[in-house]
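Peer 1: Let me give you the structure first, and then I'll get to my questions.
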Amino acid sequence: MSSDKEQTIPFLPTRLNRESSVYGGLSVSEFMLAAAMGFILGAVLGLLCCFALGFDFWLLIPSLAMLFCILSVVIGKVIIARLKRGKPEAYLNRMIEVKLDGILGGDRFISRQGTWSIRRVKK
Numbered sequence: 001m002s003s004d005k006e007q008t009i010p011f012l013p014t015r016l017n018r019e020s021s022v023y024g025g026l027s028v029s030e031f032m033l034a035a036a037m038g039f040i041l042g043a044v045l046g047l048l049c050c051f052a053l054g055f056d057f058w059l060l061i062p063s064l065a066m067l068f069c070i071l072s073v074v075i076g077k078v079i080i081a082r083l084k085r086g087k088p089e090a091y092l093n094r095m096i097e098v099k100l101d102g103i104l105g106g107d108r109f110i111s112r113q114g115t116w117s118i119r120r121v122k123k
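Read left to right, the sequence shown gives residues 1 to 123 (full-length UniProt numbering).
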């Protein structure tokens, strides 16, 4: 039989807690966000085209929704990869949360105007 020391991992791998990459460097939440935004935009544009061209063209709604969904994921992976490059792991998620908090007028985050300095105080 092996001892407890041999069965436990002495370290926690950093990649264990990361959100896994699904497509082109996008995590599941980023992929779903890009796909949902594209789908909604395409559905709205399809609905507007349907009203403009007549209701005989109702198939424009689902086809434009799926087309924009695919395009937003393909184009969005490049844009999100540029935003994430060289930043900490959850930087993009926190940036989105801070922007939404500011737009919605919430007080979830502490905001401070000015500069931070690190220096020693003379005694």
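Glycine is no exception: its CB is placed at the ideal position from the N, C-alpha and C atoms.
Hey, quick one: how far does the alpha helix (DSSP H) through SER63 stretch, first residue to last?
Peer 2: Segment 60–84, the alpha helix (DSSP H) holding SER63.
Peer 1: I'd like to know if the segment 44–53 and the segment 89–105 are in contact, where contact means that at least 3 CB-CB pairs between them fall below 8 angstroms.
Peer 2: These segments do not touch.
Peer 1: I'd like the span of the alpha helix (DSSP H) that includes VAL121, first residue to last.
Peer 2: No alpha helix (DSSP H) contains VAL121, which DSSP labels as neither H nor E.
Peer 1: I'd like the list of long-range same chain contacts for TRP58, defined as Cβ closer than 6 angstroms, with 5 residues on each side in sequence excluded.
Peer 2: Result list for TRP58: CYS50, in chain order.
Peer 1: Would you check if the segment 102–121 and the segment 65–79 touch, i.e. whether three or more CB-CB distances between them fall below 8 angstroms?
Peer 2: No contact exists between the segment 65–79 and the segment 102–121.
Peer 1: Apart from the five residues just before and just after SER27, which ones in its own chain have a Cβ nearer than 8 angstroms to its Cβ?
Peer 2: Cβ within range, chain order: GLU19, SER20, SER21.
Peer 1: Please state the DSSP three-state secondary structure of SER27.
Peer 2: SER27: strand per DSSP, three-state reduction.
Peer 1: If I'm right that PHE31 touches PHE68 with Cβ under 8 angstroms, what's the distance once you round it to whole angstroms?
Peer 2: With 8 angstroms as the limit, PHE31 and PHE68 do not qualify as a contact, their Cβ atoms being about 15 angstroms apart.
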